[in-house]
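Down below is the structure, laid out as structure tokens.
6 protein chains.
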Amino acid sequence: MDKGITQYEAGESVDCFLMIRSAVKSTAVNGNPYLTLMLQDTSGEIEAKLWDAKDETVKMYAPQTIVKVAGEIQNYRGRMQLKLRQIRPASPQDGMDAGDFVETAPLSQEEMADIITQFIFEMKNPHIQRITRFLLKKYHHEFLEYPAATKNHHEFVSGLAYHVVSMLQLAKSIADLYPTLDRDLLYAGVILHDLGKVTELSGPIATTYTAEGNLIGHISIMVNEIGQTAKELGIEGEEVMVLQHIVLSHHGKAEWGSPKPPMIKEAEMLHYIDNLDAKMNMLDRALERTKPGEFTERIFPLDNRSFYKPHFSK
Amino acid sequence: MDKGITQYEAGESVDCFLMIRSAVKSTAVNGNPYLTLMLQDTSGEIEAKLWDAKDETVKMYAPQTIVKVAGEIQNYRGRMQLKLRQIRPASPQDGMDAGDFVETAPLSQEEMADIITQFIFEMKNPHIQRITRFLLKKYHHEFLEYPAATKNHHEFVSGLAYHVVSMLQLAKSIADLYPTLDRDLLYAGVILHDLGKVTELSGPIATTYTAEGNLIGHISIMVNEIGQTAKELGIEGEEVMVLQHIVLSHHGKAEWGSPKPPMIKEAEMLHYIDNLDAKMNMLDRALERTKPGEFTERIFPLDNRSFYKPHFSK
Amino acid sequence: MDKGITQYEAGESVDCFLMIRSAVKSTAVNGNPYLTLMLQDTSGEIEAKLWDAKDETVKMYAPQTIVKVAGEIQNYRGRMQLKLRQIRPASPQDGMDAGDFVETAPLSQEEMADIITQFIFEMKNPHIQRITRFLLKKYHHEFLEYPAATKNHHEFVSGLAYHVVSMLQLAKSIADLYPTLDRDLLYAGVILHDLGKVTELSGPIATTYTAEGNLIGHISIMVNEIGQTAKELGIEGEEVMVLQHIVLSHHGKAEWGSPKPPMIKEAEMLHYIDNLDAKMNMLDRALERTKPGEFTERIFPLDNRSFYKPHFSK
Amino acid sequence: MDKGITQYEAGESVDCFLMIRSAVKSTAVNGNPYLTLMLQDTSGEIEAKLWDAKDETVKMYAPQTIVKVAGEIQNYRGRMQLKLRQIRPASPQDGMDAGDFVETAPLSQEEMADIITQFIFEMKNPHIQRITRFLLKKYHHEFLEYPAATKNHHEFVSGLAYHVVSMLQLAKSIADLYPTLDRDLLYAGVILHDLGKVTELSGPIATTYTAEGNLIGHISIMVNEIGQTAKELGIEGEEVMVLQHIVLSHHGKAEWGSPKPPMIKEAEMLHYIDNLDAKMNMLDRALERTKPGEFTERIFPLDNRSFYKPHFSK
Amino acid sequence: MDKGITQYEAGESVDCFLMIRSAVKSTAVNGNPYLTLMLQDTSGEIEAKLWDAKDETVKMYAPQTIVKVAGEIQNYRGRMQLKLRQIRPASPQDGMDAGDFVETAPLSQEEMADIITQFIFEMKNPHIQRITRFLLKKYHHEFLEYPAATKNHHEFVSGLAYHVVSMLQLAKSIADLYPTLDRDLLYAGVILHDLGKVTELSGPIATTYTAEGNLIGHISIMVNEIGQTAKELGIEGEEVMVLQHIVLSHHGKAEWGSPKPPMIKEAEMLHYIDNLDAKMNMLDRALERTKPGEFTERIFPLDNRSFYKPHFSK
Amino acid sequence: MDKGITQYEAGESVDCFLMIRSAVKSTAVNGNPYLTLMLQDTSGEIEAKLWDAKDETVKMYAPQTIVKVAGEIQNYRGRMQLKLRQIRPASPQDGMDAGDFVETAPLSQEEMADIITQFIFEMKNPHIQRITRFLLKKYHHEFLEYPAATKNHHEFVSGLAYHVVSMLQLAKSIADLYPTLDRDLLYAGVILHDLGKVTELSGPIATTYTAEGNLIGHISIMVNEIGQTAKELGIEGEEVMVLQHIVLSHHGKAEWGSPKPPMIKEAEMLHYIDNLDAKMNMLDRALERTKPGEFTERIFPLDNRSFYKPHFSK
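Respectively, the protein sequence lines represent chains B, V, G, F, D and U.
The numbering of the first sequence is the numbering used here, which starts it at 1 and goes up by one.
The numbering of the second sequence is the numbering used here, which starts it at 315 and goes up by one.
The numbering of the third sequence is the numbering used here, which starts it at 629 and goes up by one.
The numbering of the fourth sequence is the numbering used here, which starts it at 943 and goes up by one.
The numbering of the fifth sequence is the numbering used here, which starts it at 1257 and goes up by one.
The numbering of the sixth sequence is the numbering used here, which starts it at 1571 and goes up by one.
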């Protein structure tokens, strides 16, 4: 795809394939039903109205359908919309593949699996190593596919694994500079800290929260998993409690969802590494869409701040 | 014991048996070592200084030793102290028993066990009943002996079980008035909510926090136990998640240590019942020591408030 | 009324009587005026647009008019709307009564008056009894008709008295379990705590705040009333101050509108009983409209939480 | 009194009359009782230990006794103490008067009464004028004698009236600059805002809180008084509610004890005038004791800040 | 202009000149572009839709164009709108002047400059006087033209100077009542405190924040200017640091943008004077538009409160 | 020095040289003056009482005097004290050097200067490079000697430079992993962010705050310096504003003393790098003094948390 759907300016014409992310039927003020479609490619998404919402239409344009569209880009209250002139579902002859419309991590699942395996391989503490390896293996498939969140940061296919890979590299650099850190604990904490999200979230695409995600949360889910894994593997010793604590405390404060704050040095560092990587990801994505000399949109999880891109920025 | 040690006024003479709760060696400004003893009976405790702290003295007056003391009560900066004239360890002939010096719940362990068993017996949902019964049985001994906390409320031997019994009776009254409540869930929540304290705390006397208590906390400990119990008993179904949620959320807010707030009606009610019983316990204990027309000491966990006892109070 | 207006699904046809709760004239984007009607029966309310807002139309469809409507239910941005096909005011022949369209407490005014009178009758402290009886008598009519609030909980005709009756029963159960509580104080506190709302609010239907309600508030209004009642009845003694304190402090914290926090045991309990009953009322109403396995809408006064209804709920 | 007791430096000798503000009996580490005396003159107070606390001694040196002392000033942990060499109660021949040892406002009671009377005389709204005059007359004696607080600001004899006089002059200046302000309301608000303190506080000397002060507070006390006064004088009309609101809201925020925030322009201004005058009083008192180029002690009610006195200050 | 555009009621006809404050092109739900105009005169502003947004139309109705309009006032969701019947740009023959459509301070620039010059002239400390005079001269033109803010208070042409003039008069009154205040410091603080706004804001009309305003802020900008001015004028001595502190701290608290809280008496007073004048300005403007017996709109910077205008208000 | 003064256990004898850090004269309860000495070597400090405080004694044992002491270590209320048996000032023959008793950074000033120079040398943006080099040169001497704070972290001689060196290495690692970061900005931010401390603090030893430190603060001091440097060097362009912003915002939030939050990506990262290095320093120092299986003392700037050292820690 030469030019992503989010790179068009108002007034330009569009003629391309897109995937339906969501489709909501509503009723206009005049009583007629219509469909609001969110259409996406790997560059992001755009809204379009379909002024017809008969039952067969609704069925034809269900989420995850690939469509051929033609129309014009318009600015509606500050956000871009696609005014549809034509729309049809892609046919097999169009040779389209869902994977081509979904944003995904810049590394392949294999590359990421290799990097993480290498980190586990280097662990010296057998208890920590065995628990980490067991849990990663148990959720291997989901871990490599899920996003790290429904929005805000790393909210793309394989975002969870990609976030972990970045954090591992950051953890390694920091452990090189501060040699009193226990590398095994730090790496295990990075790998396990968000693994409960494979239960908390519904899946890699059109991601929402499961009931268990809402009522228990990924932190407690993974703390439980560590306890059960240790039992299954017959592992006893302080490492179990320490790993549970590191996962439990990684949000840093009670108000942010950690029932205990970090009380082990590596837990405190994990909290920092997690934040630093998540924020770099959010900032890079927001600044990509901003011209030098201008401010980004407000970024909600960064205290709703706008960031400035200096004129002399590369 | 006719008159408790905390019921003496300044100036009165004392001649009685007490138990040493703690003994701390310090050095006076002039360089001489001495012992600060906390001496207790079932009415409470009093401080005394022992102006000698030779090694054999320190050994002789270790915590949990029963001693015969004589001396005078004095007011030191607003708190009562016992100025010792004589002290000696009790001998076997004195016929003293440690249990006579320790505050304990007003119901016997058997009475409390019977009441709780009856509540479990009445449960209709077999999953909830089996998990509750299993965990209570697993920690039966500790549950009936531990306090509910190291301080603030129900901080006496068997305080945990007594708190649960009061809460069950309150839960029953409330369920009678609001028939949409699920009694099984509510009773199970009451019985399990603080059971993790038998791991969080060190024991029934001179209670402190264990490392696991500090790093994981009684809430997460019990959530894990419920998960493992369900696995062991082969129980599947939403009841497991719901019970975990009820325990997880019973502190009511993230800031108070619950990683998720109550999101099930019975969880919200459990939080209220827990608070109401704990506060009645604190208020009754503080007001017992206060004369009509006066204010209690400040009560820290009640937002550091003082409470007034009206003249017309019974 | 067999099926309430809020029980229809999108797509269903409607043909029934409803009462106009409010009617607001607006101008569409194209410059034409129209009416937005809120139509209610005892099950709740629904919005409808009337594409005509001539002066005579506006007069004909004023609030509290009963109308006959026919049309179709539609989902507009997640909320149900009634698309009107026909509308006309009810005529005398239709035999409709305003009372049939207004939600009201599940007990009759007489039943509630009887219960409350019985509680006052049982009071032993004559000062407390006389002040309570005097004030209840003074506002007898309004007390039995007013809602407990303009929204959130017990926001229906006679909601105030119904809230008081529930709280009295809860207070009785709690006093049975904790015998140190002064029943007279607790019952008087329950009966008087929100009585100032008959001055704070405008009336039983289409309720808003009066200027005095905004500037002084129901708490201070009732504290003043207690003082003046005592003066009128020639009552002196600490009971007056204590009753004033209990009303003054029943919101629990300065931030929530109580200039003094509870500093008397019964005041602390009143705050709990008030909260517990209000929350049960909100939860029951929200869960009634929720299917097992789903979450309620967010409930603003419950910290904006959604509540889950387990599959195994009755 | 040439040189006040707080103006001595460590090492200087003292030989003068002082008044006992408080006397507390304690027991030293070695078991001997002693008295801690707070001794005052109009410049402030100093602590002294009396190494004898026999019953007759305690009686002889009760609070509000005037004593002749001789001794030396010493610095004890950063605060001045008086090391007593000699002490005796003043005899009638010494010709001492309690009033000479108590700090008092810089204006006489008569001067202050005259100024305030003049402000009331200038009021044009008869309702506001009559209520204000009635209440001032009712508490005339206490109003002119009480302090404005137990500590922090205007905590001296007649401090309440002096605070009101300063505020009235400030209110007049501000009303001259902002002519839309209603002078009658503003002046009445200034005069009545703290008048409830004559019930809240115990008296002009050694001031503490009364039970009514603790449980109801000066704000609600005065709101009630205004209501009863209006009733007694047969005054009806919005002025009553508005005066009540102005008193009710003068602490500015719920957290600071006002159940309603200011919602009338003059109420908002009263809050500012009150704060401004109180802070000037605190700052002047703290800076008087500070040398140019240095910082004051921390001032608790000013957010615990220290203030700098520039070298070029007058 | 006899009757301001904000003084019309819904239903009235309008035929007058207005100035375009802003013009935003949007797309209607049906895909057609249109212009949303904000039209202003000195009484305030009103919204109007122009159902045509061709390129030449957009150019013709750019911001700051004066237009002749005819149409009708309508109430759209509680706010007034102008439904245009006719619109055309004013021609030279119409003899309109942009200055006639812009709200401006009630004093002329010359009057304000004279008053401020007089205050500077009266300063006795030459360091303070020279720095203040230099900076005022440097930004003389902008200072007399800029608003004090983009919204909330004194958001009109010359609002900054008018705010300073009011504050100087208030400062003088207060210094008359509290003679320990250093007038030079207080006056210099008033004059300089917001002078950085001439760099922070974009200009007197259609005011926005500059990049420097966003990234550095008017407080730090002016602190820097004071430092550089002192260097340029060769002034040394504590006055420089003290002036910097007074400007630095005038928002009162870290949360409100002052990196240091006031720690000099005159700094504390400046904070109060600034607030008091800003709030009087906001209250007067809101109450002007409110009838006796009613509440104003919510005023966001006054904690979002509504204010009541008593019936007996002048 | 074989064994540091903080490494002794209670009961051990001491015979060594120490430096007096502070000496405070006080008066005992019995009226006798004495000296409280804080004595230090590079391992930390210990308190000792000198029961004699004649004028010549006080002069002889002034701060920064090196003394020979003999005595015994005692535990006084949980903290170690040195009970002196003998003390004398060191004589020239003892050959002691003040530098041997003061904690200092683990790298020499030359090593640190070299590392920082290399980072400046690598900068590509000439504006950023020149401003950074100029300011570092201007304060070269103080920068290499000052601590980074009076307490909490890097509170030793050369602590400021050592903190900067660690942060530079961390910044480099992070920039390697996140290539969109502007290295010049990040390095300049690290070097300049705390440089204002050489004006804020009094010096490298016995460090306190200067008046300018209290009233203006190191952040605003350095923002001003950057502005004046740019003027002196004739540098214009956005780099000046951006560097000022990065220093201005490095505390991260208004509540923490930054008048503007980070609004440039490198400013956000600087805040993280600063925190991470400061916390590692605090944690390492606290955990050094803690045995495996135990908790550290509470660390105030880490939210007053205690940290656990696992048994399996290296």
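Note that CB positions come from ideal geometry on N, CA and C, so glycine has one too.
- [ ] Would you be able to state if there are at least three C-beta pairs under 8 Å between the segment 1436–1453 of chain D and the segment 1497–1505 of chain D?
- [x] Output reads yes: the segment 1436–1453 of chain D touches the segment 1497–1505 of chain D.
Task: Cα-Cα separation between D:L1424 and D:L1532, rounded to whole angstroms - done: As a working mapping, residue 1424 of chain D is identified with position 168 in the fifth sequence. As a working mapping, residue 1532 of chain D is identified with position 276 in the fifth sequence. Within the model, the alpha-carbon separation for D:L1424 versus D:L1532 is close to 12 Å.
- [ ] Please name the residue in G:Y704, G:Y806, G:A651 whose C-alpha comes closest to that of B:V324.
- [x] Since the first residue of chain B shown is 1 and the last is 314, residue 324 of chain B is not available in this structure.
Open item on the list: Does any residue of chain V have a CB that is nearer than 9 Å to the CB of B:H245?
Closed with: In the first sequence, counting from the first residue as 1, residue 245 of chain B sits at position 245. Chain V contact via Cβ: present.
TODO: Give me the Cα-Cα distance between D:H1410 and G:W884, rounded to the nearest whole angstrom.
DONE: Your numbering for residue 1410 of chain D matches position 154 in the fifth sequence. Your numbering for residue 884 of chain G matches position 256 in the third sequence. Cα-Cα distance, rounded: 33 Å.
Task: Cβ pair count under 8 Å reaching 3, the segment 324–337 of chain V against the segment 346–365 of chain V - done: Short answer: they touch.
Task: As assigned by DSSP and simplified to three states, the class of B:G217 - done: For the purposes of this step, residue 217 of chain B is taken as the residue at position 217 of the first sequence. Helix.
Task: Among B:I73, B:T42, B:L39, B:D55, nearest to B:Q13 - alpha-carbon criterion - done: The count along the first sequence starts at 1 and reaches residue 13 of chain B at position 13. With the sequence shown as reference, residue 13 of chain B is identified as Ser, and Gln is not the correct amino acid for it. Out of B:I73, B:T42, B:L39, B:D55, B:I73 has the C-alpha closest to the C-alpha of B:S13.
TODO: Taking only beta-carbon positions, decide if V:E569 is within less than 9 Å of chain B.
DONE: As a first step, residue 569 of chain V must be located in the second sequence, where it is residue number 255. Cβ-Cβ to chain B under 9 Å: yes for V:E569.
Task: Within chain V, the residues that F:A1153 reaches when beta carbons sit closer than 7 Å - done: Along the fourth sequence, one-based indexing puts residue 1153 of chain F at 211. Here the neighbours are Y622.
Open item on the list: Suppose you measure from the CA of B:M1 to the CA of V:G527; what does that come to, to the nearest Å?
Closed with: One-based indexing of the first sequence puts residue 1 of chain B at position 1. One-based indexing of the second sequence puts residue 527 of chain V at position 213. Because the pLDDT of B:M1 is 45, which lies under 50, any placement of that residue in the model is unreliable, and the question is left without a value.
- [ ] Indicate the three-state DSSP secondary structure (helix, strand or coil) for F:S1191 in the structure shown.
- [x] To locate residue 1191 of chain F, count along the fourth sequence from 1; it is residue 249. Correct three-state label for F:S1191: coil.
Task: B:A346, buried or exposed, once every other Cβ within 10 Å from all chains shown has been counted against 16 - done: In the structure displayed, chain B extends from 1 to 314; residue 346 of chain B sits before or after that span and is not available.
Task: Reference G:A816; option with closest CA among G:P691, G:V826, G:T664, G:F749 - done: Position 188 of the third sequence holds residue 816 of chain G. Here the closest residue by C-alpha is G:F749.
Open item on the list: If I follow the unbroken beta strand (DSSP E) through V:T341, where does it start and stop?
Closed with: Here residue 341 of chain V corresponds to residue number 27 of the second sequence, with the count starting at 1. Taken as a continuous stretch (DSSP letters only), the beta strand (DSSP E) holding V:T341 covers 327–341.
Open item on the list: Relative to the C-alpha of D:F1556, which candidate in D:L1539, D:A1326, D:T1321, D:E1495 has its C-alpha closest?
Closed with: Taking the fifth sequence and counting its residues from 1, one reaches residue 1556 of chain D at position 300. Measuring from the Cα of D:F1556, the nearest candidate turns out to be D:L1539.
Task: Below-9 Å beta-carbon distance, V:Q407 vs any chain F residue - done: Stepping through the second sequence from its first residue, residue 407 of chain V is reached at position 93. V:Q407 does not count as touching chain F.
TODO: Below 6 Å CB to CB, which residues in the same chain sit around G:M724 once its five sequence neighbours on both sides are set aside?
DONE: Your numbering for residue 724 of chain G matches position 96 in the third sequence. For G:M724, where only same-chain residues beyond five positions count, the Cβ hits under 6 Å are F645, I694, A718.
- [ ] For V:M536, decide whether its Cβ has a neighbour in chain B, counting only Cβ atoms nearer than 9 Å.
- [x] Here the question's residue 536 of chain V lines up with position 222 in the second sequence. No - not a single Cβ of chain B is within 9 Å of the one on V:M536.
TODO: State buried or exposed for D:N1560, treating a residue as buried only when at least 16 other CB atoms are found within 10 Å of its CB.
DONE: Counting from 1 along the fifth sequence, the entry for residue 1560 of chain D is found at position 304. Flag for D:N1560 reads exposed.
Open item on the list: Within 9 Å of any Cβ in chain V, is that where the Cβ of U:G1669 sits?
Closed with: Residue 1669 of chain U sits at position 99 when you count from the first residue of the sixth sequence. No - not a single Cβ of chain V is within 9 Å of the one on U:G1669.
TODO: Compute the distance between the beta-carbons of V:D498 and V:Q432, then report whether it is under 9 Å.
DONE: Along the second sequence, read from residue 1 onward, the residue named residue 498 of chain V stands at position 184. Along the second sequence, read from residue 1 onward, the residue named residue 432 of chain V stands at position 118. Contact check for V:D498 against V:Q432 fails: the beta carbons are separated by 9 Å or more.
TODO: Run down chain U in chain order and give the residues with a C-beta less than 7 Å from the C-beta of D:L1489.
DONE: Taking the fifth sequence and counting its residues from 1, the one referred to as residue 1489 of chain D is at position 233. None at all; the shortest Cβ gap to chain U is about 14 Å.
Open item on the list: Please return the same chain residues whose Cβ sits closer than 7 Å to the Cβ of U:V1793, not counting the five positions on each side in sequence.
Closed with: In the sixth sequence, residue 1793 of chain U corresponds to position 223, counting from 1. The answer, listed in chain order, is Q1814, V1817, L1818.
TODO: With distances taken Cα to Cα, identify the nearest neighbour of U:D1684 among U:P1696, U:L1706, U:S1743.
DONE: Numbered from its first residue, the sixth sequence carries residue 1684 of chain U at position 114. The shortest C-alpha separation from U:D1684 is found at U:L1706.
Task: Cα-Cα separation between G:D722 and G:G672, rounded to whole angstroms - done: The sequence position of residue 722 of chain G within the third sequence is 94, counting from 1. The sequence position of residue 672 of chain G within the third sequence is 44, counting from 1. When the Cα atoms are used, G:D722 and G:G672 turn out to be separated by approximately 21 Å.
Open item on the list: Along the chain, where does the alpha helix (DSSP H) containing V:I578 start, and where does it finish?
Closed with: Start at 1 with the first residue of the second sequence, and residue 578 of chain V comes out as number 264. Run containing V:I578: none; DSSP gives neither H nor E here.
- [ ] Provide the residue span of the beta strand (DSSP E) that contains V:T350, from first to last.
- [x] Locating residue 350 of chain V in the second sequence gives position 36, where the first residue counts as 1. Unbroken beta strand (DSSP E) run through V:T350: 347–355.
- [ ] Assign F:M943 to one of three DSSP states: helix, strand, or coil.
- [x] By one-based count along the fourth sequence, residue 943 of chain F stands at place 1. Residue placement at F:M943 is poorly supported in this model, since its pLDDT is 45, which falls under 50; the coordinates are not used for a value here.
Open item on the list: Give me the chain G residues within the contact set of D:Q1337, using Cβ-Cβ distance strictly less than 8 Å, ordered along the chain.
Closed with: Here residue 1337 of chain D refers to the residue found at position 81 of the fifth sequence. Ordered by position in chain G, the residues that pass the 8 Å Cβ test against D:Q1337 are T655.
- [ ] Drop a sphere of 10 angstroms on the beta-carbon of B:H141, count the other beta-carbons inside from all chains shown, and report buried for 16 or more, exposed for fewer.
- [x] As a position in the first sequence, residue 141 of chain B is number 141, starting the count at 1. Its Cβ having fewer than 16 others within 10 Å, B:H141 is exposed.
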